[in-house]
Ligand code: CAA
């Protein structure tokens, strides 16, 4: 028997602090319009002292585990650019914090902002072989660029968890997938660095080339007509990037109105404008924002374009399931965004520098989520329930 397979639950989390891009512009003597309209970003989430990709990932996934239990989750895949260990998968800490079963596999995936999509594809494959199992996919990142660099305005933080199963309650993923890989240095982070290196303008060019290349591969592989895709979600390093991507794609695909294609993205940008770049989670934050804020019907097709610098891109689509909105917890992420404490420029800079600390340390209790990083003791990260 063939089952539809896809996303049966989705939940997101962010940090306890934020920094406003108006404050950044004022401190730099730049016009706030460059950030608010030029790149389409209003705020960036900033981690508290005891928050990291593990606490964010566990906070995002906890409501899913509470709703579905642990018995059927035999795989946890954590996608991140912000790895905390060169060897051990960050997901193992998340596995413990969530109380998942010992009879489960846990692994971490990396390819800049793309790897959550690889995780989703792997999950679909596992469920296709074992339709009774569910796979927990978590994307968790803290996007950091050097102070005073061009990328600084596009920092952010957040995590998004998806439960993948047969007969999904939210979105069935279709088999067609368009792929594109090219060895380029548009954004990368060598092992000795805590902030990304980036060739900003070049990264935008490669992203836009990847959109048409991956789309063409999608069409060649039997993907749906562009006109049958009701809405698109693009990776959003900053929300304006999605608009640029849609403009390029709509022209390339011969859309009737490029302007209306671009304006149809609005509901995908609501969370991202406030989160900043969440790297691996970003495109799925766009999906969550769309699911919460748009009036869409069962069977409508959502296109997804995932991009990771370096570069790997994928274009695929899914169809919405009847009653999907009852499963998306509308307002849950907005409540977390609203509860963040705003920090001023000096505090933002102090925290940015402090985040580079190494060795053993204890953290201050600042996070608002259910889990915290207590500290690093004898090179071991110690997490606890808040
Ligand atoms: N009012 C309105 N708009 C204004 C303005 C004002 N006062 N001042 C400037 N602008 C506009 C500019 O015209 C420009 O718009 P267009 O791109 O439409 O021409 C926009 O604001 C940005 O201005 P600049 O191009 O001058 O900005 P910049 O060069 O300082 O920085 C950036 C832009 C290079 C993308 C930089 O944000 C960056 O390096 N970001 C990090 C890399 C990145 O996000 N790349 C995206 C693709 S790679 C990817 O997606 C992977 C990933 O997650 C990193």
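In my numbering, the protein residues as written are 192 to 577. All C-beta atoms in this analysis are idealised placements derived from N, C-alpha and C, irrespective of residue type, glycine included.
query	result
Closest residue to residue 340 among 386, 319 and 443 (Cα-Cα distance)	386
Burial state of residue 272 (16 or more Cβ within 10 Å)	buried
Option nearest residue 373 by Cα separation, candidates 275, 402, 428 and 388	402
Given residue 195 as reference, the closest of 331, 553 and 490 once Cα atoms are compared	490
Cβ separation of residue 331 and residue 421, assumed to be a contact under 8 Å, to the nearest whole Å	With 8 Å as the limit, residue 331 and residue 421 do not qualify as a contact, their Cβ atoms being about 29 Å apart.
When 283, 303 and 289 are compared against residue 297, the one with the closest alpha-carbon	283
Touch test, the segment 464-474 against the segment 223-239, Cβ-Cβ under 8 Å, three pairs minimum	yes
Whole-Å CB distance - residue 512 paired with residue 483, under 8 Å assumed	Incorrect: roughly 15 Å between the Cβ atoms, too far for contact.
Residue 436 beta carbon less than 8 Å from that of residue 425	yes
Ranges of the alpha helix (DSSP H) found wholly within the segment 368-430, counting only runs of at least 4	391-411
Buried/exposed call for residue 342, threshold 16 Cβ in 10 Å	buried
Backbone CA spacing between residue 444 and residue 419 [nearest angstrom]	12 Å
Cross-strand partners of residue 234 (DSSP beta bridge)	211
When 222, 277 and 250 are compared against residue 384, the one with the closest alpha-carbon	277
Coil, strand or helix - residue 525 by DSSP	helix
Local Cβ density within 10 Å of residue 396, reported as buried at 16 or more and exposed below that	exposed
Cutoff 6 Å; reference residue 379; Cβ partners in own chain excluding five residues on either side	388
Selection from 227, 245 and 199 that minimises the alpha carbon distance to residue 558	245
Closer than 7 Å: residue 262 CB and nearest the ligand CAA heavy atom	no
Top-ranked residue by Cα proximity to residue 345, from 555, 463 and 294	463
Unbroken stretches of the beta strand (DSSP E), 3 residues or longer, contained in the segment 263-289	264-270
Range covered by the alpha helix (DSSP H) that runs through residue 308	306-320
Contact belief for residue 563 with residue 241 at Cβ below 8 Å, rounded distance in angstroms	4 Å
Residue from 495, 214, 291 and 456 whose Cα sits closest to the Cα of residue 472	495
The segment 500-508 touching the segment 399-416, judged by at least three CB pairs closer than 8 Å	yes
Close Cβ partners of residue 301 (< 8 Å) along its chain, the five nearest in sequence each way excluded	270, 271, 272 and 274
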